[in-house]
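Each position in the sequence shown, counted from 1, maps to that position plus 1079 in the numbering used here.
Quick notes on the structure that follows.
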Amino acid sequence: MSKNDLNIEINDVVVLANNESVLETFTGFEIVEPIGKGYFTITNRRLIYYATFRDKLSNSIAVRECSLEDVGVISSEYGKRTNKLQKTIGFIIFLLGLALVLYGISNFVIKKVPYGLEALIAGGVFFLAGLIVVVTSKRKMFSLEVFTNTSQSNFVSLTSDHFQSPSRGRIKIKPNRETGSMIKALGKYVLEAKARKY
């Protein structure tokens, strides 16, 4: 499946109303579960989230739209987060490896240490494995939730949380270069469209 197969235009998804115009489209963040590509489009009347999903057996388009008057809180978080459990386990493996390496090195100082060479090799492996686990425990994360003012409070919820599966209704995505700009500008366009500055 080519990534280009997932590209889609807003006119392929919804029909714009009379005097409705597109103000901004945030394109193509990758959806991890299920595999697809997602978009946000802001018109002078509504906020539209749409996504395309395609695999060998099926393809589909999901659309969620909300009038601008009903858009409420936009909550977001992005940056890097560390998995404390993964970091702790990596640190323990790292220390175990370091202890085995020191034990193995003592074989060269004191010739009668049993299994010195084996401890040195195993220690090196544990040392490197622990180091890799600690280094990879810090990952990019992203979370975006758009709430409405109506009884259906959650319009769309996106996350990149690698450490736990997304809760029901959350869409797991992989942030890209445009994710930061989308987070910074989404609220701006919604407010300006609500104030009819366009």
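We put the beta carbon where it would ideally sit given N, CA and C, even for glycine.
All figures in this text were calculated on a predicted structure; none of them were measured in a lab.
Just to confirm, are arginine 1125 and leucine 1102 a CB contact at a threshold of 8 Å?
-> no
Counting pairs of Cβ atoms below 8 Å between the region 1110–1120 and the region 1129–1144, do you hit three or more?
-> yes
Pairing CB atoms from the region 1180–1192 with CB atoms from the region 1216–1223, are three or more of them under 8 Å?
-> no
With distances taken from CA atoms, which of Leu1196, Phe1119, Ser1100 and Val1094 is nearest threonine 1106?
-> Phe1119
Sequence-distant residues of the same chain with beta carbon closer than 7 Å to phenylalanine 1242, five excluded per side = Note on phenylalanine 1242: pLDDT 44, under 50, position unreliable in the model; no value is reported.
Is leucine 1223 helix, strand or coil by DSSP?
-> strand
Assuming isoleucine 1262 and serine 1155 make a contact with CB atoms under 8 Å, what is their CB distance in whole Å?
-> 5 Å
State the DSSP-derived secondary structure class of threonine 1131, mapped to helix, strand or coil.
-> strand
Hey, out of Leu1164, Ile1087, Val1235 and Gly1203, whose CA is closest to leucine 1175's CA?
-> Gly1203
Using the rule of at least 16 other Cβ atoms within 10 Å of the residue's Cβ for burial, across every protein chain shown, is glycine 1158 buried or exposed?
-> exposed
Using only alpha-carbon positions, find the residue among Val1094, Leu1196, Ser1139 and Val1213 that is nearest to isoleucine 1171.
-> Val1213
Excluding five sequence neighbours on each side, which residues of the same chain lie with their C-beta closer than 8 Å to the C-beta of isoleucine 1200?
-> Gly1183
For isoleucine 1121, which of helix, strand or coil comes out of DSSP?
-> strand
Assumed close pair isoleucine 1121, alanine 1272 - CB separation to whole angstroms, cut-off 8 Å | 6 Å
Exposure label - threonine 1258; buried when at least 16 CB within 10 Å | buried
Under 7 Å Cβ to Cβ from alanine 1274, same chain only, skipping five residues before and after it: list those, please.
-> none
Among Asn1255, Val1269 and Asp1091, which residue has its Cα nearest to the Cα of phenylalanine 1226?
-> Val1269
Tell me whether the beta-carbon of isoleucine 1089 lies closer than 8 Å to the beta-carbon of isoleucine 1127.
-> yes
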